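Remember, the working numbering sits 3 above the position in the sequence shown when you count from 1. Idealized CB from N, CA, C, for every residue including glycine. Being a predicted model, the structure only gives us computed values, none of them experimental. Encoded as structure tokens, the structure appears first; notes follow it.
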Amino acid sequence: MAERNPKPRVVDPVWDQIISEAHEAVAHEPLMGGLIHACILHHKSLEKALSYRIAAKLSSNEMSMMVLREVANEAYAVSPELVEAARADLSAVMERDPATHRFLQPMLYFKGFQGMQAYRLAHWLWEQGRHDLAYFLQMRCSEVYGIDIHPAARIGKGIMIDHAHSIVIGETAVVGNNVSMLHSVTLGGTGKEEEDRHPKIEDEVLIGAGAKVLGNIRVGCCSRIAAGSVVLADVPPATTVAGVPAKVVGEAGCAHPSVTMNHMFGGQNSED
């Protein structure tokens with residue numbers, strides 16, 4: 004007998020697009036069918052797919068996939084802001100990375116996106132006082148993705164970590180919304196201090212590959228840090244810093260550096 008008042012289907016354009024891309028990928032490369040069905044097509048929502056993907060990647064002989072998936076499902080159920088952040092991260096990758104042509108790519112292949120979602124789960128556990136499990140996820144994330152983010156660090160949404168290899172973010176670091184960073188970035192301390200000792204990165208900052216930002220310093224909104232720089236002092240908003248140690252070399256060059264992803268010195272952007 005048909006249900007009298009069936010629950011209306013929730014419209015989710017992003018998830019619907021991922022499903023469409025998954026079907027297209029299987030049709031184009033049938034050998035990927037098993038992976039794509041397991042990671043995408045067997046699930047009814049983005050959060051269910053994320054919990055599966057994170058658990059599948061981070062499980063080990065020490066912690067089963069079933070346990071990690073239950074933890075992730077619990078987190079997404081009681082903290083919808085985690086899913087909201089994941090959507091913002093997914094959109095950030097799609098918008099800013101020229102190598103990304105489908106939402107499916109970060110979900111299946113990109114360790115920057117996946118590692119950020121694993122960090123978000125670890126941070127949720129940390130906030131719940133479940134520190135040992137949070138540390139376990141940090142360890143596994145470092146082993147699997149090459150990204151080491153302390154679960155106590157506070158990171159906003161709309162984060163794009165390109166390539167993602169050798170990212171290190173310390174315990175008391177704070178990262179705002181819509182920040183972009185490339186591989187080998189360190190947000191670290193300068194010694195053995197035990198208090199607030201890591202950088203504070205404000206919204207819409209672009210951090211180039213290999214940059215090191217060290218100490219309890221503030222990087223102002225909409226600024227740029229050039230690749231390979233070592234930043235040891237506060238960075239004013241809407242400026243570009245470069246060098247070892249880094250110094251202000253000019254304005255940011257555009258209104259939204261983390262979105263335009265323009266690493267070149269000089270020259271203005273059409274958003275000015």
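Given a cut-off of 8 Å on the beta-carbon distance, is the pair residue i and residue j in contact?
i, j, result
"Arg221", "Lys250", "no"
"Val147", "Ile162", "no"
"Leu238", "Val244", "In the sequence under discussion, the amino acid at residue 238 is Val, which differs from the Leu named in the question. A contact, by the Cβ cut-off of 8 Å."
"Ala156", "Glu174", "yes"
"Leu124", "Ala78", "yes"
"Pro75", "Leu44", "Per the sequence shown, residue 75 should be read as Ala rather than Pro. Not in contact: Ala75 and Leu44 (Cβ atoms no closer than 8 Å)."
Using CA coordinates, which residue listed in the options is at the minimum distance from residue i?
i, options, result
"Val276", "Asp199, Ala258, Val188, Val262", "Since the first and last residues shown for the chain are 4 and 275, residue 276 lies out of range."
"Ala95", "Val17, Ala156, Val216", "Val17"
"Asp151", "Gly161, Arg133, Leu140", "Leu140"
"Gly179", "Val252, Gly223, Trp127", "Gly223"
"Ala230", "Tyr79, Ala241, Lys215, Asn219", "Lys215"
"Gln20", "Gly37, Asp135, Ser48", "Ser48"
"Ala80", "Arg200, Cys144, Lys51, Cys42", "Lys51"
"Glu27", "Asp15, Met68, His186, Phe106", "Phe106"
"Met35", "Asp206, Arg227, Gln108, Met66", "Gln108"
"Gly37", "Ser63, Leu71, Leu111", "Leu111"
Go through its chain and collect everything with a Cβ distance to residue i's Cβ below 6 Å, but skip five positions before and after it.
i, result
"Met184", "Ile164, Ile210"
For residue i, I'd like the list of residues in its chain whose CB is within less than 7 Å of its CB, leaving aside the five on either flank, ordered along the chain.
i, result
"Asn272", "Per-residue confidence for Asn272 stands at a pLDDT of 42, beneath the threshold of 50, marking its modelled position as unreliable; no derived number is given."
"His201", "Gly173, Glu174, Thr175, Ala176, Leu190, Gly191, Gly192, Asn219"
Give me, in chain order, the residues of the same chain whose beta-carbon lies closer than 8 Å to that of residue i; leave out the 5 immediate sequence neighbours on both sides.
i, result
"Ala212", "His166, Leu185, His186, Ser187, Val188, Ala230, Gly231"
Can you give, in chain order, each stretch of the alpha helix (DSSP H) that sits fully within the region 177-205 and has at least 4 residues?
none
Does the region 55-67 come within contact of the region 107-121, defined as at least 3 CB pairs closer than 8 Å?
yes
Taking 8 Å as the cut-off, does the region 97-109 touch the region 74-87 (at least 3 CB pairs, one atom from each stretch)?
no
Give the list of continuous alpha helix (DSSP H) stretches no shorter than 4 residues that lie fully inside the region 73-142.
83-99, 107-111, 114-130
Complete beta strand (DSSP E) runs within the region 232-265 (minimum length 3 residues, chain order)
242-246, 249-254
Which runs of the alpha helix (DSSP H) at least 4 residues long sit entirely within the region 18-47? Give them in chain order.
36-39
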